[in-house]
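Everything below concerns the one structure shown next.
Protein chains: 2
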Amino acid sequence: MSVLKKIYHLGYAVEDLDVATRFYETHFGVSPSEPEEVEEQGIRAVMFPVGESMIELVEPTRPDSPVGKFIEKRGQGFHHVAFQVEDLRAALRDLKADGVELIDEEPRIGAGGYRMAFLHPQGAFGVLTELVELPKSG
Amino acid sequence: MSVLKKIYHLGYAVEDLDVATRFYETHFGVSPSEPEEVEEQGIRAVMFPVGESMIELVEPTRPDSPVGKFIEKRGQGFHHVAFQVEDLRAALRDLKADGVELIDEEPRIGAGGYRMAFLHPQGAFGVLTELVELPKSG
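Sequences listed follow chains A and B, in order. In terms of this note's numbering, the first sequence opens at residue 1 and continues consecutively. In terms of this note's numbering, the second sequence opens at residue 139 and continues consecutively.
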């Protein structure tokens, strides 16, 4: 068992990154990062902190990217949640042993350089759920 | 402008509250509340803390309740996010002045006794977004 330490981020799929960023900046005083393009994933993304968590706004740069297809099918909106866990490998082993459907059975390295893995939405009651393990500090 | 202080909760619509609760309890060591039935809203709900936030699992008790209709249309999954703000009335006034579509133009009293209001998902890039103002402590 691996305890959920906090909500690490929420990922929103948006049609227009600049409009969405301006909305949160203007109305809610958030401090968004500079937009970052990840060519390989076909996205442009901005992050901003909300309390101990972050919101990640993600715009597809191509309609055939995973986020592009998501928007085509479901419309823009909530895309995924990421929870921080202490021991990602143990969490995945335990989930797999219990027959929970996983996208990643082993940790992989995410955009921020940390270890992460996705549970399949089927295995988490329709919510695309990411688990992240942050480097031990100190 | 009203700064987002933290993610107050995430609301998940689930088909079977007991199964979903057991999943988070077993795999992630969370401490769920006793299920609470809100007859008027046609729901049964459980909450558990994750860091400074909470996850709210909501099961419809009737198919014609708002959450029942949501699941029929979209399937189970993420339903809404609630952010804590300092001054809810000011936030709503500002959003309305800027033409953002709101479900509640004035704060109302939510289940936990705190002031809350929903933005229309159209006004928040497809994410059903709740703002909550907690009582001043001390």
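Cβ atoms here follow ideal geometry from the backbone N, Cα and C, with glycine treated the same way.
**Asked** Whose CA, out of B:M254, B:G251 and B:R160, lies closest to the CA of B:P173?
**Response** Out of B:M254, B:G251 and B:R160, the CA that lies nearest to the CA of B:P173 is found in B:R160.
Self-check item: Integer Cβ distance of A:G123 from B:G264, believed to fall under 8 angstroms
Solution: Between A:G123 and B:G264 a beta carbon distance of about 24 angstroms is seen, past the 8 angstroms cut, so the two are scored as non-contacting.
What residue range is occupied by the uninterrupted beta strand (DSSP E) comprising A:F70? Careful: A:F70 lies outside any beta strand (DSSP E), inside the alpha helix (DSSP H) at P66 to R74.
Check your understanding: With C-beta atoms as the reference, is B:F166 less than 9 angstroms away from A:S31?
Key -> Cβ atoms of B:F166 and A:S31: not closer than 9 angstroms.
Leaving out five residues before and five after B:P245 in sequence, what residues of the same chain have Cβ atoms less than 8 angstroms from its Cβ? Cβ neighbours of B:P245 beyond the five flanking positions: L226, R227, L230, R253, M254, A255 and E271.
*Residue-chain proximity (B:L233, chain A), Cβ-Cβ < 9 angstroms*: With its beta carbon less than 9 angstroms from one in chain A, B:L233 belongs to the interface.
Quick check for students: name the residue ranges of the alpha helix (DSSP H) that lie wholly in the region 27-105 of chain A, counting only runs of 4 or more. Qualifying alpha helix (DSSP H) stretches, in chain order: 66-74 and 88-97.
Quiz prompt | For B:V157, three-class secondary structure by DSSP | solution = Reduced to three states, the DSSP call for B:V157 is helix.
Buried or exposed for B:P204, please, with buried defined as at least 16 other CB atoms from any protein chain shown within 10 angstroms of its CB.
-> With fewer than 16 Cβ atoms within 10 Å of its Cβ, B:P204 is classed as exposed.
Short of 6 angstroms in beta carbon distance, which residues of its chain neighbour A:M54, apart from the five on each side in sequence? Order them along the chain. Result list for A:M54: H9 and M47, in chain order.
Could you give the first and the last residue of the continuous beta strand (DSSP E) run that contains A:A111?
Where A:A111 is concerned, there is no enclosing beta strand (DSSP E), given that its DSSP letter is neither H nor E.
If you draw a straight line from the C-alpha of B:G206 to the C-alpha of B:G213, how long is it?
-> Our two residues, B:G206 and B:G213, have alpha carbons roughly 9 angstroms apart in a direct line.
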